[in-house]
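Here the structure comes first, spelled out in structure tokens, and everything after it is commentary.
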Amino acid sequence: MHISNPGPGEHAGFRKLVNAEIRPSGSRTSAWDDFPLILDPENSAWTLVAVADDGAVVAGMAALIRDFTTNCGRISVAGLGSVVTHPDYRGQGLSRSLQDEMMARLQRHNVPLAVLWTDQPEIYAGRGFATAGWEYHVVIRELDLPGSMGLRPYEASDAAAVAALYRTHAWRTVRQDGDDARLYAMPGTRGLVATDGEGQVTAACFCGKGADFPDYVTEWSGPVEAMLPLLGAVRDRGWAHTVLVPPGGELMVDALASRGAGWFAAASGQWCVLDAVRLADAARTAGIDPPSGADAVDWLGRVDGDGLPRPGALHVAVWGFDSV
0 MHISNPGPGE HAGFRKLVNA EIRPSGSRTS AWDDFPLILD PENSAWTLVA VADDGAVVAG
60 MAALIRDFTT NCGRISVAGL GSVVTHPDYR GQGLSRSLQD EMMARLQRHN VPLAVLWTDQ
120 PEIYAGRGFA TAGWEYHVVI RELDLPGSMG LRPYEASDAA AVAALYRTHA WRTVRQDGDD
180 ARLYAMPGTR GLVATDGEGQ VTAACFCGKG ADFPDYVTEW SGPVEAMLPL LGAVRDRGWA
240 HTVLVPPGGE LMVDALASRG AGWFAAASGQ WCVLDAVRLA DAARTAGIDP PSGADAVDWL
300 GRVDGDGLPR PGALHVAVWG FDSV
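Throughout the sequence shown, residue numbering follows numbering that gives the first Met the number 0, covering 0 to 323 in sequence.
Quick look at the structure:
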């Protein structure tokens with residue numbers, strides 16, 4: 000048994016294993032449909048596999064590294080995902096070995112922050128991850144929202160215009176060339192855009208993320224007043240009834256709450272600080288007093304017992320398409 004970056008055949012074996020073991024029940028999409036960036040063969044440098052003596056891939060995981068714009072400037076973040084082990088090889092510590100190796104590589108490459116998403120946070124608590132950060136979930140099911148005639152389904156030719164709107168968010172992932180178009184085109188994802196009198200896209204929203212985020216507006220971009228008719232339209236079509244709003248989108252929360260929407264705050268993920276010194280330097284450069292240690296909650300904040308966000312020193316917005 001050895002752990003390494005996969006060759007082409009091993010990467011195909013890894014994707015097959017992910018598809019077989021950790022897909023939602025009844026999913027009509029493949030794992031690489033829903034996670035086209037992290038599972039791309041071009042991301043093999045940040046993919047690790049455990050290979051048995053007979054050459055079979057029996058476990059693996061991947062990381063997608065992107066910069067995020069934050070209140071402390073641009074911060075490199077590793078999203079960890081597709082952690083999988085073949086049933087016949089579970090209980091042998093392969094997952095732990097893969098994660099230890101991945102975290103060591105991230106530290107060597109000066110990536111100061113890692114995040115993952117799991118329904119078993121207790122497993123990762125012993126590996127340095129803590130439930131931290133915050134995001135808003137706003138329910139629009141019964142909301143009175145304005146209508147508009149200038150709405151149409153998203154088309155592939157809209158990708159550049161929609162990506163430009165996404166870049167107006169102060170806090171977001173800095174996507175690489177081509178990322179946006181691939182994310183917007185995921186099978187099972189539905190998009191709607193608003194246009195002006197000249198046909199220019201002025202706002203956009205997307206519902207779902209392949210088989211993930213059912214009933215959610217996963218990403219939205221554009222002025223709040225232009226977004227309200229879009230949200231009403233996707234709600235009326237039955238595409239989504241809840242809007243994900245990351246930190247920095249409080250104007251949207253306020254606009255919807257003023258119309259009677261209910262909302263709740265939730266942690267944005269399981270976070271691990273890999274290099275507190277690097278984060279502290281970035282915070283000081285931005286004029287922010289950093290925490291004294293590497294506690295993820297001190298850095299990312301939390302949702303308190305009353306269900307309210309309690310920000311930390313670092314504000315990071317993870318839009319739905321950017322979770323892995």
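For every residue, glycine included, the Cβ atom is placed at its ideal position computed from N, Cα and C.
Counting along the chain, A129 sits inside no alpha helix (DSSP H); it lies in the beta strand (DSSP E) bounded by residues 129-131. Residue pairing for S75: DSSP places it in a beta bridge opposite D66.
With contacts defined by Cβ atoms closer than 9 angstroms, A239 and G221 do not form a contacting pair. One alpha carbon belongs to N18, the other to D214, and they sit about 22 angstroms apart. Beyond the five residues adjoining it in sequence on each side, A285 comes within less than 6 angstroms, by CB distance, of C71, G72 in the same chain, given in chain order. Here the region 115-130 makes no contact with the region 240-255; the two share fewer than three CB pairs at distances below 8 angstroms.
Its Cα nearest to that of R171, the residue T69 stands out among V161, T69, T201, Y123. With three or more CB-CB distances shorter than 8 angstroms, the region 178-195 counts as touching the region 222-238. The three-state reading of DSSP puts I122 in helix, counting H, G and I together. Taking the C-beta atoms as reference points, A264 is found no nearer than 9 angstroms to V223. Of W262, P289, D39, the smallest CA-CA separation from A275 is found for P289. Put simply, of A11, R65, I74 the residue whose alpha carbon is nearest the alpha carbon of G54 is A11.
Note on geometry: alpha-carbon atoms of A225 and E218 lie some 14 angstroms from one another. For the pair D211 and R14, the Cα-to-Cα distance works out to about 17 angstroms.
Straight-line measurement puts the Cα of L97 at about 14 angstroms from the Cα of A51. Runs of the alpha helix (DSSP H) spanning 4 or more residues and lying entirely within the region 266-296 occur at 275-284, in chain order. Contact check for A158 and Y183: beta-carbon distance about 6 angstroms, within the 8 angstroms limit, so the pair qualifies. Note: S220 is bridge-paired with A203 in the DSSP secondary-structure output. Secondary structure of A316 (DSSP, three-state): coil. Cβ atoms of S81 and V110 stay farther apart than 8 angstroms, at about 18 angstroms.
Taking the C-beta atoms as reference points, V323 is found nearer than 9 angstroms to I37. For S3, the uninterrupted beta strand (DSSP E) run begins and ends at 1-3, by DSSP.
DSSP lists V137 as the beta-bridge partner residues of W262. Taking C-alpha positions only, E9 is separated from V48 by approximately 8 angstroms. Cβ atoms of G132 and W270 come within 8 angstroms of each other, at about 6 angstroms.
Proximity to P5 across V56, L164, V244 peaks at V56, based on C-alpha coordinates.
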